[in-house]
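Number of protein chains: 2
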Amino acid sequence: MKKVNDTLDWPALIAAQPAAGLIPEPLREMAKRVDAEASETLFRVGDPVLHVYLVISGEARLTRLGRNGREVILQRSRGGFIAEASLDSRTYHCDAIAAEPTTLLLFPTAAFRVALGAEPSFCKAWQSQLAREVRKLRAQCERLSLPSAADRINHYIESEGTDGAVTINQSRKSWAAELGLSHEALYRALRRMQDEGVLEVDGNRLISKP
Amino acid sequence: MKKVNDTLDWPALIAAQPAAGLIPEPLREMAKRVDAEASETLFRVGDPVLHVYLVISGEARLTRLGRNGREVILQRSRGGFIAEASLDSRTYHCDAIAAEPTTLLLFPTAAFRVALGAEPSFCKAWQSQLAREVRKLRAQCERLSLPSAADRINHYIESEGTDGAVTINQSRKSWAAELGLSHEALYRALRRMQDEGVLEVDGNRLISKP
DNA sequence: CAATGAATATGATCATAATCATATGAAGAA
DNA sequence: TTCTTCATATGATTATGATCATATTCATTG
Numbered sequence: 046m047k048k049v050n051d052t053l054d055w056p057a058l059i060a061a062q063p064a065a066g067l068i069p070e071p072l073r074e075m076a077k078r079v080d081a082e083a084s085e086t087l088f089r090v091g092d093p094v095l096h097v098y099l100v101i102s103g104e105a106r107l108t109r110l111g112r113n114g115r116e117v118i119l120q121r122s123r124g125g126f127i128a129e130a131s132l133d134s135r136t137y138h139c140d141a142i143a144a145e146p147t148t149l150l151l152f153p154t155a156a157f158r159v160a161l162g163a164e165p166s167f168c169k170a171w172q173s174q175l176a177r178e179v180r181k182l183r184a185q186c187e188r189l190s191l192p193s194a195a196d197r198i199n200h201y202i203e204s205e206g207t208d209g210a211v212t213i214n215q216s217r218k219s220w221a222a223e224l225g226l227s228h229e230a231l232y233r234a235l236r237r238m239q240d241e242g243v244l245e246v247d248g249n250r251l252i253s254k255p
Numbered sequence: 046m047k048k049v050n051d052t053l054d055w056p057a058l059i060a061a062q063p064a065a066g067l068i069p070e071p072l073r074e075m076a077k078r079v080d081a082e083a084s085e086t087l088f089r090v091g092d093p094v095l096h097v098y099l100v101i102s103g104e105a106r107l108t109r110l111g112r113n114g115r116e117v118i119l120q121r122s123r124g125g126f127i128a129e130a131s132l133d134s135r136t137y138h139c140d141a142i143a144a145e146p147t148t149l150l151l152f153p154t155a156a157f158r159v160a161l162g163a164e165p166s167f168c169k170a171w172q173s174q175l176a177r178e179v180r181k182l183r184a185q186c187e188r189l190s191l192p193s194a195a196d197r198i199n200h201y202i203e204s205e206g207t208d209g210a211v212t213i214n215q216s217r218k219s220w221a222a223e224l225g226l227s228h229e230a231l232y233r234a235l236r237r238m239q240d241e242g243v244l245e246v247d248g249n250r251l252i253s254k255p
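Protein chains in written order, with our numbering: chain G, 46 to 255; chain X, 46 to 255.
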């Protein structure tokens, strides 16, 4: 887990990961940028909670080892804060690893807590961010509960887009993962929906046809 | 949407829905209990955000009407706060209906915002609650991304339980819905896993066998 | 008590997504 | 440039969950 000592380019960081924009000035100065290699451990069950982690690029995973020896994935993150609830805990209740070469920002937990208490604007912004995340995740759960690929695609367009259209800002493969589908099933469903005339695909723009 | 004017029994409310315990005293006195009938509307797209809604019993749904005329479900709630992100909005961006006879608590939005700003303990508790919800929902999304029923059940045991065991505090049917399975598929998977000796079922207690 | 409805449970059939295989195109490295 | 790699894309086969049907048990209510 290599610490990078360059001074941080915050506009670039925020462009890469908008959630970084929440961080107020004093906390920004305490941020450490870290580059983790694939399968490198970020923290383990029982470790003290020393930092708040923000994924800038790559992929971080929160996992737990099950009784049957199989690893259970609690979260895959390709950007944004992870393990926000650890702010309420002294130690971690899961492991975190980098699933591929990953860049993160680390903020000292103690200072993070102080800033939340001392800066009302940061506190409000943090709350709003959590509420937005809750809304997004609930919609995602409902979407994943739909059995058919076409229904999930339509649900995505209506819940994440506006007026029956949405722009996909990720690769088809990672979008397939977000939809809980194999990428093959996604390609096929898109093809079928276009053939049936219920969907228009223009690059990364998807338009639902009535 | 019948307003019930009885004085509220807070210990009973908190027992029925623990999230009610977050509410501080002054807000409790402004709470209105409401009984909604099946398919009754709670609010609609464009309505001003006048209240914060807490589902005590029954089921509330947040929905949006898609371009193709089909209703998209953004959230089904059988207990807890709904549409928390509406605290950051002047109007609603979805509809809310009671899917069955449902009891709710309503808090005036303005007073709720004031309380969040004025009472640090409430503000922290609200934040913690949102963070816990985020953690729970992320795990649920990962679970729903697993293709097989047995994998989802194992994931549930490991992520929601401790030491390879969990107690289900809901009916099998509603648990099946949470797992994104038909109830038939859940019954069958439980039977198969018991036959294979990888799961022990004792009433509502599930134990994963190595 | 009987009756009604809901949850629990299992069987049979069918639709569909996962998987494996294969091919093409685009981007980046040597 | 060529080579490599990865995303995109489609076909064939298989596994599995959804659906419909049917009992049974349980709880609630008249």
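Idealized CB from N, CA, C, for every residue including glycine.
Residue-chain proximity (residue i, chain X), Cβ-Cβ < 8 Å
{"i": "residue 228 of chain G", "result": "no"}
{"i": "residue 172 of chain G", "result": "yes"}
{"i": "residue 184 of chain G", "result": "yes"}
{"i": "residue 96 of chain G", "result": "no"}
{"i": "residue 250 of chain G", "result": "no"}
{"i": "residue 133 of chain G", "result": "yes"}
{"i": "residue 179 of chain G", "result": "yes"}
{"i": "residue 203 of chain G", "result": "yes"}
{"i": "residue 130 of chain G", "result": "yes"}
{"i": "residue 91 of chain G", "result": "no"}
{"i": "residue 197 of chain G", "result": "no"}
Terminal residues of the beta strand (DSSP E) in which residue i lies
{"i": "residue 245 of chain X", "result": "244-247"}
{"i": "residue 251 of chain G", "result": "250-253"}
{"i": "residue 210 of chain G", "result": "210-212"}
Opening and closing residue of the alpha helix (DSSP H) in which residue i lies
{"i": "residue 200 of chain G", "result": "194-205"}
{"i": "residue 154 of chain X", "result": "154-163"}
{"i": "residue 219 of chain G", "result": "217-223"}
{"i": "residue 237 of chain G", "result": "228-240"}
{"i": "residue 144 of chain G", "result": "Premise fails: residue 144 of chain G is in no alpha helix (DSSP H) and is neither H nor E."}
{"i": "residue 61 of chain X", "result": "55-61"}
is_contact[residue i, chain G] using C-beta, thresh 8 Å
{"i": "residue 111 of chain X", "result": "yes"}
{"i": "residue 125 of chain X", "result": "no"}
{"i": "residue 63 of chain X", "result": "no"}
{"i": "residue 211 of chain X", "result": "no"}
{"i": "residue 45 of chain X", "result": "This structure cannot settle anything about residue 45 of chain X, because the visible part of chain X is limited to 46 through 255."}
{"i": "residue 247 of chain X", "result": "no"}
{"i": "residue 175 of chain X", "result": "yes"}
{"i": "residue 235 of chain X", "result": "no"}
{"i": "residue 189 of chain X", "result": "yes"}
{"i": "residue 118 of chain X", "result": "yes"}
{"i": "residue 243 of chain X", "result": "yes"}
{"i": "residue 69 of chain X", "result": "no"}
{"i": "residue 153 of chain X", "result": "no"}
Classification of residue i by the beta-carbon crowding that lies within 10 angstroms, buried from 16 upward
{"i": "residue 84 of chain G", "result": "exposed"}
{"i": "residue 250 of chain X", "result": "exposed"}
{"i": "residue 193 of chain G", "result": "exposed"}
{"i": "residue 147 of chain X", "result": "buried"}
{"i": "residue 180 of chain X", "result": "buried"}
{"i": "residue 90 of chain X", "result": "exposed"}
{"i": "residue 49 of chain X", "result": "exposed"}
*Is there contact between the stretch 64-74 of chain G and the stretch 207-214 of chain X, where contact requires at least three CB pairs shorter than 8 Å?*
no
*Check whether the stretch 224-232 of chain G touches the stretch 180-197 of chain G, taking contact to mean three or more Cβ pairs, one atom from each stretch, closer than 8 Å.*
yes
_Cβ contact check for the stretch 106-120 of chain X and the stretch 128-140 of chain X: 3 or more pairs under 8 Å_ = yes
_Those runs of the beta strand (DSSP E) which lie wholly inside the stretch 75-133 of chain G and span at least 3 residues_ = 77-81, 86-88, 96-102, 105-110, 116-122 and 125-127
*Any 3 or more C-beta pairs closer than 8 Å across the stretch 200-210 of chain G and the stretch 111-129 of chain X*: yes
*Between the stretch 129-138 of chain X and the stretch 168-176 of chain G, are three or more C-beta pairs nearer than 8 Å?*
yes
*Does the stretch 57-65 of chain X come close enough to the stretch 113-130 of chain X that 3 or more CB-CB pairs lie under 8 Å?*
yes
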